[in-house]
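The sequence shown begins at 1 in the numbering used here and counts up one residue at a time. Glycine included, C-beta positions come from ideal geometry on N, C-alpha and C. Note that the structure is a prediction, hence the values are computed from the model and not measured. See structure below.
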Amino acid sequence: MATLPKGSIEKLLREVVGDDVPISKETIDWVNECAGELLRVIGLEANTIAENASKKENYRISQEHVMAALEVAENGLDNRTNAFLLTRRVLMQNLGMQRYAQEIQELQGSMALESQKMKERIASRKAAAKTTSRDELLAEQTALFKQASLKASREGW
Numbered sequence: 001m002a003t004l005p006k007g008s009i010e011k012l013l014r015e016v017v018g019d020d021v022p023i024s025k026e027t028i029d030w031v032n033e034c035a036g037e038l039l040r041v042i043g044l045e046a047n048t049i050a051e052n053a054s055k056k057e058n059y060r061i062s063q064e065h066v067m068a069a070l071e072v073a074e075n076g077l078d079n080r081t082n083a084f085l086l087t088r089r090v091l092m093q094n095l096g097m098q099r100y101a102q103e104i105q106e107l108q109g110s111m112a113l114e115s116q117k118m119k120e121r122i123a124s125r126k127a128a129a130k131t132t133s134r135d136e137l138l139a140e141q142t143a144l145f146k147q148a149s150l151k152a153s154r155e156g157w
């Protein structure tokens, strides 16, 4: 079974319990096993969802598949009666995975907003560069160099 870096697990535990509480090596190992199993369960469910949604033999698991895996407990069994699938979904429901799905959606929204702002900035720079002639850009660069030189001489560089 794959495990996460023990240093990362210990750091997360320290954030939760504080530095003054001793944490044994066995506890870190146990939490690491649990985290690995949680990732495996979510990954299996996301893989199943991606496989069922795919029209090709080769497919990729996207963030939507992971979101659907976190929310799968709300939607029932979708006509699959495999006991293992039932166990996974009950486990995910009992662990409150919907809460994580909501947090991820909020982060996704803020990341989308930041991405949109970045795209707008890049587009405005490209538009400005297209409308500005080479001579104007050279004059602007020369003026900036003069400003930097004056500032450096005033500050005694």
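Residue burial annotation: N52 is exposed, with fewer than 16 other C-beta atoms found within 10 angstroms of its C-beta. Burial check for T3: the Cβ neighbour count within 10 Å stays below 16, so the residue is exposed. Within the same chain, A46 come within 6 Å of V66 by CB-CB distance, once the 5 residues on both sides are set aside. By a beta-carbon distance limit of 8 Å, I23 contacts L13. Their separation comes to about 5 Å. Under the criterion of beta carbons closer than 8 Å, Y59 and A50 qualify as touching, at roughly 5 Å. Straight-line spacing of the CA atoms in A152 and Q105 works out to 48 Å. In this model, Q63 and I42 are separated by some 12 Å (Cα to Cα). For S24, the secondary structure class from DSSP, reduced to helix, strand or coil, is coil.
With contacts defined as CB atoms closer than 9 Å, L137 and A127 fail to qualify as a contacting pair. For G18 and I122, the gap between their C-alpha atoms comes out near 43 Å.
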